[in-house]
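Asker: Here's a structure for you.
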Amino acid sequence: MSRLEANGHVADLPPGVDAPVFAEPWQAEAFAMTVALHDKGLFSWAEWAQALSAQVKRPGAAADGHDYYEHWLAALESLLASKGLAAKADVDAMAEAWERAAHATPHGKPILLENDPRPAKGRGGPSGQGRAAR
Numbered sequence: 001m002s003r004l005e006a007n008g009h010v011a012d013l014p015p016g017v018d019a020p021v022f023a024e025p026w027q028a029e030a031f032a033m034t035v036a037l038h039d040k041g042l043f044s045w046a047e048w049a050q051a052l053s054a055q056v057k058r059p060g061a062a063a064d065g066h067d068y069y070e071h072w073l074a075a076l077e078s079l080l081a082s083k084g085l086a087a088k089a090d091v092d093a094m095a096e097a098w099e100r101a102a103h104a105t106p107h108g109k110p111i112l113l114e115n116d117p118r119p120a121k122g123r124g125g126p127s128g129q130g131r132a133a134r
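Below is the structure:
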């Protein structure tokens with residue numbers, strides 16, 4: 001639950017203050033990745049709209065839309081896989097590595113992929129910060 005939510009509702013904000021667009025940092029990151037990948041020409045907005053629409057229409061989607069960015073991320077992963085840019089297994093393996101790294105990182109320290117206690121074979125080079133989990 002985001003810090004702004006209480007009892008299933010967005011907490012009262014002071015007058016004139018709008019609720020944040022993103023409830024969690026990973027949502028903003030997924031949004032930014034989508035825009036950046038589109039800007040690089042990896043997919044069109046029509047392709048993106050089709051991928052997102054397919055995810056949102058899947059059975060089990062929340063009627064209130066609270067899972068919208070989970071569908072957003074699933075659409076991005078699906079689109080990248082369909083284009084041969086990132087296989088689902090690779091995306092899942094990387095997410096699991098970030099999760100392990102997050103659990104192995106002391107509180108208050110940046111989460112670095114190199115903190116993964118079980119690094120993947122062949123993964124080398126510098127690592128940076130990123131989302132630890134969805």
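If you count by UniProt numbering, then the sequence shown holds residues 1 to 134, one letter each, in order. From the three backbone atoms N, C-alpha and C, an ideal C-beta is built for every residue, glycine too.
Using CA atoms only, rank isn't needed, just tell me which of Glu-70, His-38 and Pro-110 is closest to Phe-22.
Answerer: Glu-70
Asker: May I ask you to report which of helix, strand or coil DSSP gives Asp-92?
Answerer: helix
Asker: How long is the line joining the alpha carbons of Ala-101 and His-107, rounded to whole angstroms?
Answerer: 12 Å
Asker: So for Ser-44, helix, strand or coil by DSSP?
Answerer: coil
Asker: On the premise that Ala-75 lies in contact with Ala-51, defined as a C-beta separation below 8 Å, what is that separation, rounded to the nearest angstrom?
Answerer: 4 Å
Asker: Measuring straight from C-alpha to C-alpha, what distance separates Pro-117 and Glu-99?
Answerer: 11 Å
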